[in-house]
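Protein chains in written order, with this note's numbering: chain U, 138 to 354; chain D, 138 to 354.
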């Protein structure tokens, strides 16, 4: 069954939200690279950041084609997304890579779900901006390394990951409020997605990712 | 006349210096994006930053092929390059774009000169990592815009640009000291370049760029 047409402004809202997410993730990861214990890891996080801005450009270009200035499509989401990052400033390298790992993972799961509510070419565009798995593998390896060097770190990072998810959920509520129902309509217009089921799937995938990195949910 | 062979370790030193320059320029531009007056400009500086990290990856890969770990080739230059950035923290958007404009311009001129002392594929690699001119055009337009909005800004930014060049020269002396003659040998091995002439050309090009952006040298 092909997806029913989503209203254009809802699509622009969604692309704006994703574009802003990329832009802010870029800035924060680039800033967090300062925590890296050596130049190799510093470059690795910087490259993860740069991948976000390349995706930003693709989304901004698509918004241009749709006749919506990117900054207009993003404006409503600046406060919640900036709020998420401001309230989750990592204090060290392990927290920085955990934040990238948790944030990218949940973002990708969400985008995979939401893509199904879009028509081409937006469906494929959203699937294309998913993060490369090598970045998640790098982050998970860094987390496991930090935990094996000091087992007490597992508890601290597990707690940090729970805080990240909590802050993300709290800001997600503000995102829904900010866009005045357009995104929710997009998800529901899909006819397939129930919001409770969406949350359940995102949570299950997050729990599996935590375990893969040696953390507890 | 083809360039005579430069010793391999000198080539690795040069690639390490350029790679570290890209990595640190990335970090600083990404951090400076916070000064942008709007999301469009913030994204533009972030994209300029991301171009640097893509170049870093190419240089690091080439160092790998040469059998030199990138962090080893970069290590000697961390102090002077970090010193340059630490001593030239922009205080606002106009200073940030001026720093990107001045720094990229001089870096590119220097790389164009030095490339001639290298054999392929390193010669082409160094030419490939030159900055795209659209970034310089963006920065110059932002500077002219700032000056036209407030003519007093021209004096402040001209003075700022002189400080950038002064700090860069002072750190360049430390770079030469750090690499224990390998880079100087590379330039002189060229048989064509005299260091005084190199400085004269870099200075003339810098003066022309200042004028193009509406600043005084």
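Beta carbons: idealized from backbone N, C-alpha and C, even for Gly. Remember, it's a predicted structure, so these values are computed and weren't measured experimentally.
Given that residue i touches chain D, what residues does it touch there, using C-beta distances under 7 angstroms?
i: residue 272 of chain U; result: Near residue 272 of chain U there are no residues of chain D at all, since even the closest Cβ is about 13 angstroms away, more than 7 angstroms.
i: residue 347 of chain U; result: In chain order: nothing, as chain D lies at least about 28 angstroms away.
i: residue 187 of chain U; result: 187, 190 and 191
Cβ closer than 7 angstroms: which chain U residues qualify as neighbours of residue i?
i: residue 184 of chain D; result: 190 and 194
i: residue 296 of chain D; result: Near residue 296 of chain D there are no residues of chain U at all, since even the closest Cβ is about 28 angstroms away, more than 7 angstroms.
i: residue 257 of chain D; result: In chain order: nothing, as chain U lies at least about 25 angstroms away.
Work out the CA separation of residue j and residue i for me, nearest whole Å.
i: residue 242 of chain U; j: residue 248 of chain D; result: 39 angstroms
i: residue 238 of chain D; j: residue 276 of chain D; result: 6 angstroms
i: residue 265 of chain D; j: residue 303 of chain D; result: 27 angstroms
i: residue 153 of chain D; j: residue 228 of chain U; result: 29 angstroms
i: residue 138 of chain U; j: residue 254 of chain U; result: Because the pLDDT of residue 138 of chain U is 43, which lies under 50, any placement of that residue in the model is unreliable, and the question is left without a value.
i: residue 181 of chain D; j: residue 183 of chain U; result: 17 angstroms
i: residue 140 of chain U; j: residue 226 of chain U; result: Below a pLDDT of 50, predicted positions are generally treated as unreliable, and residue 140 of chain U, at 49, falls in that range; the measurement from the model is reported next regardless. If you take the alpha carbons of residue 140 of chain U and residue 226 of chain U, they lie about 38 angstroms apart.
i: residue 167 of chain D; j: residue 298 of chain D; result: 20 angstroms
i: residue 240 of chain U; j: residue 351 of chain D; result: 43 angstroms
i: residue 273 of chain D; j: residue 314 of chain U; result: 40 angstroms
i: residue 268 of chain D; j: residue 186 of chain D; result: 10 angstroms
i: residue 339 of chain D; j: residue 175 of chain D; result: 33 angstroms
i: residue 189 of chain U; j: residue 195 of chain U; result: 10 angstroms
i: residue 146 of chain U; j: residue 218 of chain U; result: 20 angstroms
i: residue 336 of chain U; j: residue 309 of chain D; result: 55 angstroms
i: residue 197 of chain U; j: residue 271 of chain U; result: 25 angstroms
i: residue 208 of chain U; j: residue 179 of chain D; result: 10 angstroms
i: residue 211 of chain D; j: residue 191 of chain U; result: 26 angstroms
i: residue 177 of chain D; j: residue 307 of chain U; result: 27 angstroms
i: residue 244 of chain D; j: residue 288 of chain U; result: 45 angstroms
i: residue 213 of chain U; j: residue 286 of chain D; result: 28 angstroms
Along chain U, which residues have their Cβ under 9 angstroms away from the Cβ of residue i?
i: residue 175 of chain D; result: 208
Could you tell me which of the options sits nearest to residue i, measuring between CA atoms?
i: residue 215 of chain D; options: D/344, D/354 and D/311; result: D/311
i: residue 221 of chain U; options: U/320, U/352, U/321 and U/305; result: U/305
i: residue 334 of chain D; options: D/284, D/282, D/279 and D/246; result: D/246
i: residue 345 of chain U; options: U/307, U/202 and U/295; result: U/295
i: residue 200 of chain U; options: U/170, U/165, U/190 and U/156; result: U/156
i: residue 171 of chain D; options: U/211, U/176, U/353 and U/165; result: U/165
i: residue 149 of chain U; options: U/284, U/258 and U/286; result: U/258
i: residue 282 of chain D; options: D/307, D/308, D/210 and D/231; result: D/231
Going by beta carbon distance, what residues of the same chain come within less than 7 angstroms of residue i, once the five residues before and after it are set aside?
i: residue 236 of chain U; result: 225, 227 and 301
i: residue 349 of chain U; result: 277
i: residue 205 of chain D; result: 149
Residues of chain D with CB under 9 angstroms from residue i, in chain order?
i: residue 404 of chain U; result: The question about residue 404 of chain U has no answer, for chain U in this structure spans 138 to 354.
i: residue 233 of chain U; result: Residues of chain D passing the Cβ test: none, with the nearest at roughly 13 angstroms.
Residues in its own chain within less than 8 angstroms of residue i by CB, not counting five upstream and five downstream?
i: residue 193 of chain U; result: 156, 159, 160 and 163
i: residue 251 of chain U; result: 151, 263, 323 and 324
i: residue 354 of chain D; result: 295, 298, 299, 343, 344, 347 and 348
i: residue 320 of chain U; result: 147, 150, 151, 154, 312 and 313
i: residue 280 of chain U; result: 231, 234, 235, 238, 294, 350, 351 and 352
i: residue 223 of chain U; result: none
List the residues of chain U whose Cβ lies closer than 8 angstroms to the Cβ of residue i, in chain order.
i: residue 160 of chain D; result: 176, 179, 180 and 183
What does a CB cutoff of less than 6 angstroms around residue i pick up in its chain, not counting 5 residues either side in sequence?
i: residue 233 of chain D; result: 169, 172 and 227
i: residue 342 of chain D; result: 246
i: residue 203 of chain D; result: 149
i: residue 284 of chain D; result: 290, 291 and 351
i: residue 260 of chain U; result: 252
Find the residues of chain C that neighbour residue i, judging by a C-beta separation of less than 9 angstroms, and give them in chain order.
i: residue 164 of chain U; result: No chain C appears in this structure, whose protein chains are U and D.
For residue i, return the contacting residues in chain D, with the cut-off set at a CB-CB distance below 8 angstroms.
i: residue 197 of chain U; result: 180
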